[in-house]
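Numbering (my numbering), first residue to last: 142 to 604.
Glycine included, every Cβ here is placed at the ideal spot set by N, Cα and C.
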Ligand code: AMP
């Protein structure tokens with residue numbers, strides 16, 4: 142998880158970064174950070190909280206430069222320590238390197254040991270610090286930026302969309318499988334933006350140019366973007382869960398509009414697992430697009446069963462079961478007159494631990510629903526993610542050990558059905574071999590200790 146952004150423009154960077162990060166807030170709510178190059182050094186601010194909590198108007202006015210990078214964090218590798226808040230900063234031989242990263246390395250420990258063996262000390266437990274260390278280690282030897290990035294692309298294993306600022310120069314690169322999203326855009330003021338998702342470009346009125354390609358290095362110069370395809374896998378492995386749940390529905394990832402994928406998945410789900418009911422309702426907001434598709438395909442009226450309180454905002458960590466029940470009620474409230482004595486098809490994006498579905502079903506039943514047919518716009522999540530999505534262990538994944546019927550009984554649905562894997566792939570419009578389906582199949586696109594891997598061949602280009 143996490144959201145990254147960078148800008149190099151003719152206008153002040155900080156307000157632009159604020160809006161980019163605000164549009165990427167769904168990718169991480171734990172902390173936020175902005176670094177700006179003022180012409181001679183880096184101006185920094187980062188802290189815990191939402192973007193609007195970390196930066197006041199007065200804070201943004203302190204930044205004076207036109208080049209900068211920013212980050213919103215959802216902790217995966219490294220845990221919730223203050224030293225893990227991004228961006229990271231490295232000083233070497235009079236140069237300043239700032240780094241933000243979305244993804245997860247799977248060889249962090251091996252790289253930390255290797256560099257520690259050469260005398261490097263790490264100040265955090267974040268894999269982003271490892272990425273910066275690898276880059277800085279090559280730049281210190283006098284290598285060109287492109288050669289340093291090529292070295293990093295060969296050295297780092299896992300998912301990584303990375304934006305850096307070397308002194309006042311903005312650049313980015315994406316892992317050879319293109320696992321996490323990454324795009325670039327052009328602003329009306331003659332500048333360029335790098336960001337996790339295209340919805341962030343929309344937020345600042347920038348035009349989406351294209352996605353950063355897997356294994357590509359992009360350098361933002363005064364004359365535009367200079368691109369070098371440094372490494373390439375035989376095919377990419379874009380994260381399917383971005384399309385299922387994580388990305389904004391108004392984003393276009395790797396040429397594919399997310400909303401369309403979700404709506405088409407709902408249509409296919411209706412063809413595969415029709416239920417005779419009086420209404421189709423989403424679990425808002427994650428199930429909305431798929432419920433629209435399900436209703437259209439099935440001919441059953443779309444009618445909202447649950448209203449989401451849009452001010453709930455942050456995910457509260459509530460310690461007791463009683464408080465957790467309250468948590469669902471804080472977020473969602475059924476419309477009694479819509480659900481009472483009715484048979485309802487409830488559509489959601491996924492079941493991970495199964496606790497959310499169980500609570501929602503019991504809530505809708507309490508408000509008088511007679512039958513609740515749960516339809517899920519993803520196949521069962523059966524395996525952990527090592528590549529940047531915060532999924533628990535197999536033991537915690539309800540669908541890992543239980544059959545669909547057992548899950549149905551555990552969560553208390555009248556019927557339960559998931560879209561098929563082939564149906565989801567069809568909805569994505571991408572070939573199956575272009576996707577990382579690790580969480581749904583247990584087969585991963587790169588080597589992870591103890592897991593099944595279908596490794597893709599890599600090709601290294603040299604200019
Ligand atoms: P649960 O089954 O209780 O773990 O909750 C699953 C619901 O949480 C899904 O319907 C999604 O809307 C949302 N969700 C999916 N994946 C994640 C994740 N990795 N972290 C947090 N929420 C998630």
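With H, G and I counted as helix, E and B as strand and the rest as coil, what does DSSP make of residue 259?
Indexing the chain shown from 1 puts residue 259 at position 118. The answer is coil: DSSP assigns residue 259 none of H, G, I, E or B.
Assuming residue 488 and residue 428 form a contact by the criterion Cβ under 8 Å, report the distance between their Cβ atoms to the nearest whole angstrom.
Indexing the chain shown from 1 puts residue 488 at position 347. Indexing the chain shown from 1 puts residue 428 at position 287. Yes, residue 488 and residue 428 are in contact; Cβ-Cβ is about 4 Å, under 8 Å.
On the premise that residue 145 lies in contact with residue 300, defined as a C-beta separation below 8 Å, what is that separation, rounded to the nearest angstrom?
Here residue 300 is taken as the residue at index 159 of the chain shown, counted from 1. Here residue 145 is taken as the residue at index 4 of the chain shown, counted from 1. Incorrect: roughly 12 Å between the Cβ atoms, too far for contact.
If you measure from the CB of residue 490, is any heavy atom of the ligand AMP nearer than 7 Å?
Looking up residue 490 in the chain shown gives position 349. Correct: residue 490 has its Cβ closer than 7 Å to the ligand AMP.
Just how far apart, CA to CA, sit residue 473 and residue 295?
For the purposes of this step, residue 473 is taken as the residue at position 332 of the chain shown. For the purposes of this step, residue 295 is taken as the residue at position 154 of the chain shown. Taking the straight line from one Cα to the other gives about 46 Å.
Is any heavy atom of the ligand AMP found at a distance shorter than 7 Å from the C-beta of residue 494?
Walking along the chain shown from the start, residue 494 turns up at place 353. Residue 494: yes, Cβ under 7 Å from the ligand AMP.
Looking at the ligand AMP, does it come within less than 7 Å of residue 532, judged from the CB to the closest heavy atom?
On the chain shown, position 391 is the one that residue 532 refers to. Because some heavy atom of the ligand AMP lies under 7 Å away, the Cβ of residue 532 counts as near it: yes.
Assign residue 151 to buried or exposed, taking buried as 16 or more other Cβ atoms, counted over all protein chains shown, within 10 Å of its Cβ.
Counting from one through the chain shown, the residue named residue 151 turns up at place 10. When all chains shown are included, residue 151 counts as exposed.
Cα-Cα, which of 414, 380, 577 and 492 is closest to residue 424?
Counting from 1 along the chain shown, the entry for residue 424 is found at position 283. Comparing alpha-carbon positions, the option among 414, 380, 577 and 492 lying closest to residue 424 turns out to be 492.
Apart from the five residues just before and just after residue 344, which ones in its own chain have a Cβ nearer than 8 Å to its Cβ?
Position 203 of the chain shown, counting from 1, holds the residue named residue 344. Only 160, 161, 163 and 164 meet the Cβ criterion.
Within the chosen definition, does the stretch 522-532 reach the stretch 496-505 through at least 3 CB pairs nearer than 8 Å?
no
Could you have a look at residue 239 and say whether DSSP puts it in helix, strand or coil?
Counting from 1 along the chain shown, the entry for residue 239 is found at position 98. Three-state DSSP puts residue 239 in a strand.
Could you tell me if the beta carbon of residue 386 falls within a distance shorter than 7 Å of some heavy atom in the ligand AMP?
Locating residue 386 in the chain shown gives position 245, where the first residue counts as 1. The answer is yes for residue 386.
Over what stretch of residues does the beta strand (DSSP E) that includes residue 557 continue unbroken?
Locating residue 557 in the chain shown gives position 416, where the first residue counts as 1. Run containing residue 557: 556-559, per the beta strand (DSSP E) assignment.
Is residue 582 a contact residue of the ligand SAM, with contact defined as CB to any heavy atom under 7 Å?
The model depicted lacks the ligand SAM and carries the ligand AMP instead.
Please go through the same chain and pick out, in chain order, the residues whose beta-carbon is closer than 8 Å to the beta-carbon of residue 331, but skip the five residues on each side of it.
Residue 331 sits at position 190 when you count from the first residue of the chain shown. The answer, listed in chain order, is 150 and 151.
Nearest by alpha-carbon distance to residue 587: which of 534, 275 and 380 is it?
As a first step, residue 587 must be located in the chain shown, where it is residue number 446. Ranked by how close their Cα comes to the Cα of residue 587, the residues 534, 275 and 380 have 380 in first place.
Per DSSP, which residues does residue 184 bridge with? Please list them.
The count along the chain shown starts at 1 and reaches residue 184 at position 43. Residue 184 pairs with 177.
For residue 155, which residues from the same chain have a beta carbon less than 7 Å from its beta carbon, with the 5 sequence-adjacent residues on both sides left out?
Numbered from 1 along the chain shown, position 14 holds the residue referred to as residue 155. Hits under 7 Å: 175, 177, 201, 204 and 209.
Under 8 Å between the Cβ atoms of residue 599 and residue 372?
Residue 599 sits at position 458 when you count from the first residue of the chain shown. Residue 372 sits at position 231 when you count from the first residue of the chain shown. Contact: yes.
Figure out for me which residue from 513, 390 and 368 has the closest Cα to the Cα of residue 325.
Residue numbering aside, residue 325 sits at position 184 when the chain shown is read from its first letter. Residue 368 is the option with its Cα nearest to residue 325.
Can residue 427 be considered in contact with the ligand AMP, in the sense that its beta carbon sits closer than 7 Å to one or more heavy atoms?
Taking the chain shown and counting its residues from 1, the one referred to as residue 427 is at position 286. Under cutoff, so the answer is yes.
The beta strand (DSSP E) with residue 148 in it runs from where to where?
Position 7 of the chain shown, counted from the start, is the residue given in the question as residue 148. Start and end: 144-149.
Looking at residue 269: is its Cβ nearer than 8 Å to the Cβ of residue 242?
For the purposes of this step, residue 269 is taken as the residue at position 128 of the chain shown. For the purposes of this step, residue 242 is taken as the residue at position 101 of the chain shown. For residue 269 and residue 242, yes; Cβs fall inside 8 Å.
Considering only the beta carbon of each residue, do residue 558 and residue 414 sit closer than 8 Å?
Numbered from 1 along the chain shown, position 417 holds the residue referred to as residue 558. Numbered from 1 along the chain shown, position 273 holds the residue referred to as residue 414. The answer is yes: Cβ separation under 8 Å.
Report the residue ranges of all alpha helix (DSSP H) runs contained in full by the stretch 525-586; include only those spanning at least 4 residues, in chain order.
539-542, 545-552, 562-569 and 579-582
Can you find the residues in the same chain that come closer than 6 Å, C-beta to C-beta, to residue 275, ignoring five residues on each side of it along the sequence?
As a position in the chain shown, residue 275 is number 134, starting the count at 1. These residues qualify, in order along the chain: 293 and 296.
Looking only at its own chain, which residues have a Cβ that is under 6 Å from the Cβ of residue 515, when we skip the five neighbours before and after it?
Position 374 of the chain shown holds residue 515. Taking residue 515 as the centre and dropping the five residues before and after it, the same chain places the C-beta of 487, 554 and 557 closer than 6 Å to its C-beta, in chain order.
Using the rule of at least 16 other Cβ atoms within 10 Å of the residue's Cβ for burial, across every protein chain shown, is residue 525 buried or exposed?
Taking the chain shown and counting its residues from 1, the one referred to as residue 525 is at position 384. Residue 525 comes out buried.
Looking at the secondary structure, which residues open and close the beta strand (DSSP E) in which residue 156 lies?
Within the chain shown, numbered from 1, the residue matching residue 156 stands at position 15. Premise fails: residue 156 lies in the alpha helix (DSSP H), 154-164, not in any beta strand (DSSP E).
Among 170, 215, 216 and 179, which has the Cα closest to the Cα of residue 194?
Position 53 of the chain shown, counted from the start, is the residue given in the question as residue 194. When each option's Cα is compared against that of residue 194, the closest is 170.
Using three-state DSSP, classify residue 452 as helix, strand or coil.
Taking the first residue of the chain shown as position 1, residue 452 is located at position 311. Three-state result, residue 452: coil.
Does DSSP classify residue 403 as helix, strand or coil?
Locating residue 403 in the chain shown gives position 262, where the first residue counts as 1. Note: residue 403 maps to helix in three-state DSSP.
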